[in-house]
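Input: a single structure, listed below in C-alpha cells.
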Amino acid sequence: MAKDFSRSHRVAEQMQREIADLLMFEIKDPRVGMITVTAVEVTGDMAHAKIFYSAAKQSDSTQQGLEKSAGFLRTQLAKRMLLRTVPQLHFVYDASIDNGMMMSKLIDEAIASDKTKS
1 MAKDFSRSHR VAEQMQREIA DLLMFEIKDP RVGMITVTAV EVTGDMAHAK
51 IFYSAAKQSD STQQGLEKSA GFLRTQLAKR MLLRTVPQLH FVYDASIDNG
101 MMMSKLIDEA IASDKTKS
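Residue numbering for the sequence shown follows UniProt numbering, starting at 1 and increasing by one per position.
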C-alpha cells in the first residue's frame, strides 16, 4: 500500500510555497504579472514538476515569460530546498478557476430566470 503522504507530495508543497514567493518578489519579467500558483505535481523520480498557475488575464506572453524564467526559478529552488536534483519546471495554465466562475454565472442566470418566471 502506498504512503498517504509521500515524499513527492511534500516536495511539491514546498515547491509551491517557494515558487509563489519567487514569482512575487524575485521575477522582474514584465510579461509575468500577478500569478497564483494553484498546484504543483512532481513525478515520483523527482525529474519533472508541473506548476499549475492562474492569472488575472491568460496570454501567450505570460506563458513565454514563465518558460523563460524557468531556469532562474530552478536555480533559486536549488538554493532554497535541500534536494539532490531539482526537477525541470513545466508551467501549465489552470483553467479551473475560470470554469468555476463560468459555472457560477450560469447558475446565477438560471436562478434569475426562475424568479422572473414565477
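Virtual Cβ for every residue (Gly too), placed ideally from N, Cα, C.
Beta-bridge partners of residue i, as assigned by DSSP
i: V92; result: F52
i: V37; result: Y53
i: V42; result: A49
Same chain, Cβ closer than 7 Å to residue i, five either side skipped, listed in chain order
i: V32; result: L23, T62, G65, L66 and S69
i: D29; result: G65, K68 and S69
i: H48; result: P87, Q88 and H90
Per-residue burial, residue i [other beta carbons within 10 Å of its own, 16 or more giving buried]
i: L77; result: buried
i: P87; result: buried
i: M103; result: exposed
i: I35; result: buried
i: L73; result: buried
For residue j and residue i, believed in contact at Cβ under 8 Å, the rounded distance
i: residue 121; j: Y53; result: The first residue shown for the chain is 1 and the last is 118, placing residue 121 beyond what the model contains.
i: residue 125; j: G44; result: This structure does not reach residue 125, given that the chain is present from 1 up to 118, and the question cannot be answered.
i: V37; j: A56; result: About 14 Å separates the two Cβ atoms, so there is no contact after all.
Cut-off 6 Å between Cβ atoms - residues of its own chain near residue i, not counting five sequence neighbours on either side
i: K50; result: E41, H90 and V92
i: T75; result: none
i: A39; result: F52
Contacting residues, own chain, Cβ-Cβ under 8 Å from residue i (five flanking each side not counted)
i: S81; result: Inspection of the sequence shows that residue 81 is occupied by Met rather than by Ser. Within the same chain, M81 has close Cβ partners V11, Q14, M15 and E18.
i: M1; result: Only weak support is given to the placement of M1: the predicted model assigns it a pLDDT of 46, under 50, and the question is left unresolved by the model.
Quiz item: When the Cβ atoms of the region 95-110 are set against those of the region 65-75, are three or more pairs found closer than 8 Å?
Solution: The region 95-110, when compared against the region 65-75, does not touch it at the 8 Å Cβ threshold.
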